[in-house]
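One structure is given here, and the rest of the page talks about it.
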Amino acid sequence: MTTHHSSLTIVKGDCLDHLKEFIVANINQDMPYSSQKLAAEALNITDGTGSYTIVALTNDIVKISYQNGIAQADKQYAAILNEPINWQIEEDDQVIVAQTESLKLEIQRTPFSIKFYDLEGGFKLQGGAFSQDAEQATATFKFKLQESEAMYGMGSRGMELNRRGHELLYYNSHEPGNGMGHMVMNYSIPHLMSSEQYMLLFDNPAKALVDIGKTDKEALEYKSEGGNMVYYFINGRSFQELIQNFTALVGKQPLPPLWALGYIQSRFGYKTQEEATQELDKLLEAGYPVDALVLDLYWFSDHERPKCMGNLDFNQKHWPKPQEMIQYFASKGVKTIPITEPFFTTNSDHYEDLIAKDLLVKNKDGEVRTIPEFFWGEAGLLDIFKPEAKTWMWERYKFMKQYGFDGWWVDLCEPEVHPEDMVHVNGTANEVHGVFGHEWAKMLYEGYQAEYPDERVFQLSRAGFAGSHRFGVVPWSGDVRRSWPGLKAQPLIMLSVGFSGIGYMHSDTGGFIYGEKDSELYTRWMQYSVFTPVVRPHASDEIYPEPTFWEEEVQNNIKPFLQLRYQLLPYNYT
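When we follow our numbering, the leftmost residue of the sequence shown carries the number 20, and every step to the right adds one.
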């Protein structure tokens, strides 16, 4: 719908309906831009094969989506804002201009392109056109970068902060022994922040390649394997304001429980109730201020034949009195956190029940798609996108909580193994991969909100999506190599995900896997971690992560830093 008026201001209130009637009555059918529709909130522009929809959600946030017979844009994963605001619209034969109190968009109809301007700071970005490659089954948004522009973000990666000049895979991936040089890790985020003080968020969990000036140094290309064709432009006049605007769009990180910022001890893993109790006692007797102890997968498995992932209950042979143990830990001021995973081996206690209730991921033929050799045998994956699966898993968490657990470790939730031929209730594996951990975190958070509203949820989550932090996730950088390059990557990872609003990224202090025992490395990593959001030594048990297993000199260099951590807590947690 168009109008013969060359300048048009969208108004609010009761006048809107009268204005629409006036426009319809005076419409000029010969004018161009027949796809532009007068609305208080949205611009709809067709390009011959599909339609762009452009709305302002705040004065600094604009949503752009594209739909045709193949590309869809009807989902909202990361964003929580969905109510458009009114803005001013002007047009001539070539350009449509849409303006808020802070932003101006100059929209060229043919070929489609948007220029984004800050009304005070000037030009920010140009581009945003959609294209599709049927042969490669990819969908692309393309932008033009400024000559000296730096680009940050894309989540957890072992590389320099400026991503320009790189092509990055968006796909949450388990990388054992990661560190500097590992370009894809567990917590990818389809989000970029520019030195020109704007952000782009692609609200699409599908597998994607993001070319940030590598193929063409002046171009940014986001190329996904289908999924949700939506991106957001977020503006700011300072980086602080930019982060504030972004978290207004995707949500803010809730405050974790106080003990989460203390000292958390973990290991892969304590194999028995006796071992866990003994190691905790050693730490406390040595003067270490332990706030929580983490139980890895041996809590539910028989470590001699550990083929029961998904049991989600104590192995009574090795943990005969778990409630007494947890109560004892609590008497010492120590919380207990167990590991949980989304995979269920075929011989686990719940597998047949999950089959009967139709809660596991299938293949394209509608049959349960198991993974033949997953850790300890054939396993299925819980389809967390099914409401019934969420309910089933939440009931398991409630059962486990009766033991006295105070938080949860959600591991392998990329998912670690996610074959392309898996089909979830809401899409293929590649289409929904990025939001699997996000949905799991949402399930836990909403469960606590509904049934334990006086408790702050604590969930160690290895993977997630943009906005997962609003569910209280505390992520870490995966199975980092026990090495200096492993340590070097940590501040870069924390800063990068921090650009996306994640407040509590941390690492397996000391390094998790591979490498030799190195007292200097362990000391420096522990000292460094004191000043990170979370302190949690964790390692495979060929080199124990507890400081009590290290020589006296190492402990003498560690203890004062941990004490300083607690002295700073009143400033860090208010």
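Just so you know, even glycine gets a beta-carbon here, dropped at the ideal spot from N, CA and C.
Since the structure is predicted, the reported quantities are computational estimates derived from the model, not experimental observations.
DSSP, read as helix, strand or coil, puts Ser487 in helix. Taking one beta carbon from each stretch, the region 456-473 and the region 330-344 have fewer than 3 pairs nearer than 8 Å; the two do not touch.
The C-beta distance from Gly172 to Met212 rounds to 5 Å, short enough to meet the 8 Å contact threshold.
Cβ neighbours of Val573 within its own chain (closer than 8 Å, five residues either side excluded): Ser538, Tyr541, Thr542, Pro566. For a cut-off of 8 Å, the C-beta gap from Val313 to Ser285 is around 4 Å, short enough to register as a contact. Within the region 302-356, the complete beta strand (DSSP E) runs of at least 3 residues fall at 309-314. If you look at Leu261, you'll find it in the alpha helix (DSSP H) that goes 258-269.
Just so you know, the alpha carbons of Trp503 and Tyr547 end up roughly 12 Å apart. In summary, Ala349 is exposed, with fewer than 16 beta-carbon neighbours lying within 10 Å of its beta-carbon over all protein chains present.
Secondary structure of Arg500 (DSSP, three-state): strand. DSSP places Ile374 in the uninterrupted alpha helix (DSSP H) bounded by 370-375. For a cut-off of 8 Å, the C-beta gap from Gly196 to Tyr533 is around 5 Å, short enough to register as a contact. Here DSSP, grouped into helix, strand and coil, assigns Asn445 to coil. Approximately 13 Å separates the beta-carbon atoms of Val493 and Asp527; this is outside 8 Å, ruling out the contact. Distance from the Cα of Phe258 is smallest, within the candidate group Phe252, Tyr282, Ser214, Gly232, for Ser214. Around the beta carbon of Lys405, 16 or more other beta carbons lie within 10 angstroms, which makes this residue buried. Bridge pairing for Leu274: absent [DSSP]. Annotation for Ala227: the continuous beta strand (DSSP E) segment containing it runs 227-231. Considering only Ser167, Gly232, Phe149, the residue with the shortest C-alpha distance to Leu187 is Gly232. In its chain, beyond the 5 residues on either side, Tyr136 have a beta carbon closer than 6 Å to the beta carbon of Phe142.
Comparing alpha carbon positions, the residue from Ala225, Leu587, Glu371 closest to Glu450 is Ala225. Pairing Asp79 with Ile253 gives a Cβ-Cβ distance under 8 Å. DSSP lists Ser70 as the beta-bridge partner residues of Thr65. For Thr542, the uninterrupted alpha helix (DSSP H) run begins and ends at 538-548, by DSSP.
Taking a contact as a CB-CB distance under 8 Å, the pair Asp425 and Thr355 counts as one, their CB atoms being some 6 Å apart. Look at Gly147 here: in three-state DSSP terms it is strand.
By the CB criterion at 8 Å, Leu122 and Val81 fall inside the cutoff. Annotation: the region 421-469 contains the following complete segments of the beta strand (DSSP E) (minimum length 3 residues), in chain order: 427-429. Following the DSSP letters along the chain, one finds Lys123 inside the beta strand (DSSP E) bounded by residues 122-127. Nearest neighbour of Gln421 by Cα position, chosen from Pro391, His437, Gln346, turns out to be Gln346. With a 10 Å radius around the Cβ and a threshold of 16 neighbouring Cβ atoms, Ala295 comes out buried. Residue range 571-591 is occupied by the alpha helix (DSSP H) that includes Glu571.
When rounded, the separation of the alpha-carbon atoms in Trp395 and Glu474 is 35 Å. Segment contact: the region 65-78 against the region 96-105, three or more CB-CB distances shorter than 8 Å; contact assigned. For Lys336, the closest alpha carbon among the candidates Lys326, Phe319, Gly352 is that of Phe319.
Taking each of Leu124, Ile99, Leu100 in turn and checking the Cα distance to Glu110, the smallest one comes out for Leu124.
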